[in-house]
Each structure stands twice: as structure tokens, then as C-alpha cells.
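> One structure coming up, written as C-alpha cells, with questions to follow.
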Amino acid sequence: MHKPHIGVLGASGLVGSFLIPLLAGTDQRITVFSRRRIHWDIDLISWQPLSAPARETITHWISLFPIWVLPEYGDWLTDCGAKRLVALSSTSCLVKDRSKDPYEREVARKLADGESFLRTWGAARGVDWIILRPTLIYGDGNDKNISEIAAIVNRLGFFPLLGKARGKRQPVHAQDVAAACAAALDATHVVNRAYNLTGGETLTYREMVVRVFDNLGRKPMLPSFPEWIFALALSGLRVIPRYRHWTMAMVQRMNRDLVFDSSEAVHDFGYAPREKFLIKRYRK
Numbered sequence: 001m002h003k004p005h006i007g008v009l010g011a012s013g014l015v016g017s018f019l020i021p022l023l024a025g026t027d028q029r030i031t032v033f034s035r036r037r038i039h040w041d042i043d044l045i046s047w048q049p050l051s052a053p054a055r056e057t058i059t060h061w062i063s064l065f066p067i068w069v070l071p072e073y074g075d076w077l078t079d080c081g082a083k084r085l086v087a088l089s090s091t092s093c094l095v096k097d098r099s100k101d102p103y104e105r106e107v108a109r110k111l112a113d114g115e116s117f118l119r120t121w122g123a124a125r126g127v128d129w130i131i132l133r134p135t136l137i138y139g140d141g142n143d144k145n146i147s148e149i150a151a152i153v154n155r156l157g158f159f160p161l162l163g164k165a166r167g168k169r170q171p172v173h174a175q176d177v178a179a180a181c182a183a184a185l186d187a188t189h190v191v192n193r194a195y196n197l198t199g200g201e202t203l204t205y206r207e208m209v210v211r212v213f214d215n216l217g218r219k220p221m222l223p224s225f226p227e228w229i230f231a232l233a234l235s236g237l238r239v240i241p242r243y244r245h246w247t248m249a250m251v252q253r254m255n256r257d258l259v260f261d262s263s264e265a266v267h268d269f270g271y272a273p274r275e276k277f278l279i280k281r282y283r284k
């Protein structure tokens, strides 16, 4: 059976670092599209700028862009001959729409708008689509979620919690997300569906932070502070660009369950996340 030539958007990020080698291992031709050149030392991988259409028809696509960026490339993808598209979204669209923080509500709206565009565009252009919504994505020391917790622990020697921090989490490894993208693209019997992608283990926010301490070889120190202390600390941190989007809503979610069901992804295209939340390479 002829293997399709695959186009990938946004491959320079965390999920892309796992996806490209995975796809290359299937002996399929891969063309990576981005604004800046990406170098992959793999024969079957080529790069093209986003500023020009593909040099040949590419029917199968994976988009790792923020899904709200896709409307900018709808016509471009049509010109490239797209017929099937797997796009990453986030479970944030299911929880942050009710946030007290305006920035978080805006993120949820943009995610929902991006998903809505894909549905409408796909129906109008005859493109089959699959939306994948991962939970909290982590990697091996190079993500923006768990690595931030590790950075705080390394800097302070402790990690501050609000209350008991019993809100449940299902962190998912970026490699498992990458594998889901590839599997969903291959599952041609699955069309026009959205799936949640969770990690294989459900644990509390506190337990998740303890795992980080363990990885760093440190004794867990998890003092609990009242909300006003967090509010005061955040008011100072937000003047630093890196922390400008940190909010009290993020703190309050330490005690809120963020649990989703990924059984449909397991059934429909064999999604198989690792069973345990295990992290590597954070220890210095």
C-alpha cells in the first residue's frame, strides 16, 4: 500500500521533537513547514518555508501549531492538496472558558474558535479532520509545565501550595502525544472527531510535585500558604515578562480536578500512554 507523503506544521516544538523521528521510522516522506529553517539529520525529512505552497501535492497533514493559527493557513493547505488533517488543541478549551481570569477565558475562546474553524473549513473543502486535546504536556526537562515546577524547586528549595492541593491531574508525555498524532493520521476509518488525550496515571497536584522533588533528589518541602500570600507574590512576579500570564486562577486550580476521558482515543486508534508519570533529566 502506498504510504502518503506527510506535511507537518509547527515541528520545532516539544511534540515535534518526538513526532518527526517517529514518522521517519515509518519510511514515509516528511516535509516540515515553518517560518525558520529546521535541520533534521534524516534522509526522508525535508524543509520548506511557509511562505510558499508545497512543491507537490501533500494530502496528509499534522498541525502542531496552536489551533487558533490554522485559519491563517486554510487557503494555503487547500492549495497544497490537503485531504486529511490532525490538529492539536487542548483540554484547556473545556475548563478555562469558566475561569475568572480574562486572559484564560481568551485562551479558551481562541481554542474553541480554532476548532470551530477546522470543522467548518473541513466540511467546505472536503478535508477529513481529527482534533486531539492533550492535558498537561510534559517532556524530559524541556517542557513549559513540569519543568517550571522543577525550576521553582531548584530556586527556592520548596514549592508553595494552596491548601491541600488535592486537585487531580493526568499529565501526558509529549512522546505519547506525538504517537497519538501519527496513529490518528493513519486511522483513516476515523473522521471528523475530537479526542481527549490523558496520561496513563491520575494523581493529585501535590503528588505530581512530590515526583518532581524525587527526580531532583530533594526531600519534598510543600508549605501551604493562604491566597493573599499568592496574590501578593504574583503581583510582583507579573512585572517579569516570563511570568506575566501567571494568575490566581492557576493557583486555585491546585485544588480543582482536571480529569478527562481518553477511552475513545484508545478504542478508535489505539492510543496507549505510558502508565506512570515519570520524569527524566530534570536533575542537574
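The UniProt record's numbering puts the first residue of the sequence shown at 1, with every later residue one more than the last. Think of the CB as a built atom: it goes at the ideal place given N, C-alpha and C, for glycine as much as any other residue.
To the nearest angstrom, how far is the alpha carbon of LYS280 from that of ASP214?
Going by the C-alpha atoms only, they are around 11 Å apart.
> Need the endpoints of the alpha helix (DSSP H) that THR78 sits in, please.
Where THR78 is concerned, the enclosing alpha helix (DSSP H) stretches over 74-79.
> Under 8 Å by Cβ, that's how I've got PHE277 and LEU222 pegged, so tell me the actual separation to the nearest angstrom.
That pair is no contact at about 17 Å.
> Output yes or no for whether 8 Å exceeds the beta carbon distance between ALA11 and SER34.
Yes, Cβ-Cβ distance for ALA11 and SER34 is below 8 Å.
> Taking ARG206 as the reference, give the member of ASN192, LEU161, ILE229 with the closest Cα.
Taking only the C-alpha atoms, the option nearest ARG206 is LEU161.
> Going by the DSSP bridge assignment, what does LEU161 pair with across the sheet?
DSSP, once it has assigned bridges, lists SER224 as partnering LEU161.
> Take the Cβ of PRO134 as the centre, count every other Cβ of all protein chains shown within 10 Å, and call the residue buried at 16 or more, exposed below.
It is buried - the Cβ of PRO134 has at least 16 other Cβ atoms within 10 Å.
> Taking the beta strand (DSSP E) that SER46 falls in, what are its first and last residues?
SER46 -> beta strand (DSSP E) spans 45-49.
> Report the CB separation of ILE67 from VAL8 in whole angstroms; it is logged as a contact under 8 Å.
Actually they are not in contact, since the Cβ atoms of ILE67 and VAL8 sit about 15 Å apart, beyond 8 Å.
> If we count the other Cβ atoms within 10 Å of its Cβ and call it buried at 16 or more, is LEU156 buried or exposed?
With fewer than 16 other Cβ atoms within 10 Å, it is exposed.
> Using 8 Å for Cβ pairs, my map puts ALA182 next to LEU132. What's the rounded Cβ distance?
Contact doesn't hold; Cβ gap of about 11 Å is too wide.
> By how many angstroms is the C-alpha of PRO226 removed from the C-alpha of GLY25?
Approximately 50 Å, taken between the alpha carbons.
> Which of the three DSSP states, helix, strand or coil, is assigned to LEU23?
It is helical.
> Using the C-alpha atoms, what's the distance from ASP27 back to residue 294?
This structure does not reach residue 294, given that the chain is present from 1 up to 284, and the question cannot be answered.
> I'd like to check one pair, LYS168 with LEU94: are the Cβ atoms closer than 8 Å?
Going by C-beta atoms, LEU94 is not nearer than 8 Å to LYS168.
> Assuming VAL172 and THR198 are in contact, meaning their beta carbons sit under 8 Å apart, how far apart are those beta carbons, in whole angstroms?
Indeed, because the Cβ distance is near 6 Å, the residues count as touching under 8 Å.
> Looking only at its own chain, which residues have a Cβ that is under 6 Å from the Cβ of ARG125, when we skip the five neighbours before and after it?
Cβ neighbours of ARG125 beyond the five flanking positions: THR78.
> State the CB to CB distance for the pair VAL127 and LEU88, rounded to an integer number of angstroms; the pair is presumed to be in contact (CB under 8 Å).
About 16 Å; that fails the 8 Å criterion.
> Can you tell me where the alpha helix (DSSP H) holding ILE152 begins and where it ends?
First-last of the alpha helix (DSSP H) with ILE152: 146-156.
> ASN255 and GLY139: beta carbons closer than 8 Å?
Their beta carbons are not under 8 Å apart, which means ASN255 does not touch GLY139 by this criterion.
> So who's on the other strand from VAL8, going by DSSP bridges?
DSSP lists VAL32, ILE62 as partners of VAL8.
> Within its chain, find whatever has a CB closer than 8 Å to the CB of PHE230; leave out the 5 residues flanking it on each side and keep chain order.
These residues qualify, in order along the chain: PRO160, LEU162, MET248, VAL251.
> Determine the DSSP secondary structure at HIS267, reduced to helix, strand or coil.
HIS267 falls in the helix class under three-state DSSP.
> Can you give me the Cβ contacts of VAL107 inside the same chain, cut-off strictly under 7 Å, excluding the 5 residues immediately before and after it?
Within the same chain, VAL107 has close Cβ partners SER92, LYS96.
> To the nearest whole angstrom, what separates the beta carbons of PHE18 and GLN175, a pair I think is in contact under 8 Å?
Contact flag correct, Cβ pair sits at about 4 Å.
> Looking at C-alpha atoms only, which residue of GLY270, LEU44, ILE38, ARG36 is the closest neighbour of LEU22?
Comparing Cα positions, the closest option is LEU44.
> Would you kindly work out how many angstroms separate the C-alpha atoms of GLU201 and ILE149, rounded to a whole number?
Approximately 19 Å between the Cα atoms of the pair.
> How far does the alpha helix (DSSP H) with ARG84 in it extend, from its first residue to its last?
Taken as a continuous stretch (DSSP letters only), ARG84 belongs to no alpha helix (DSSP H), being part of the beta strand (DSSP E) at 84-88.
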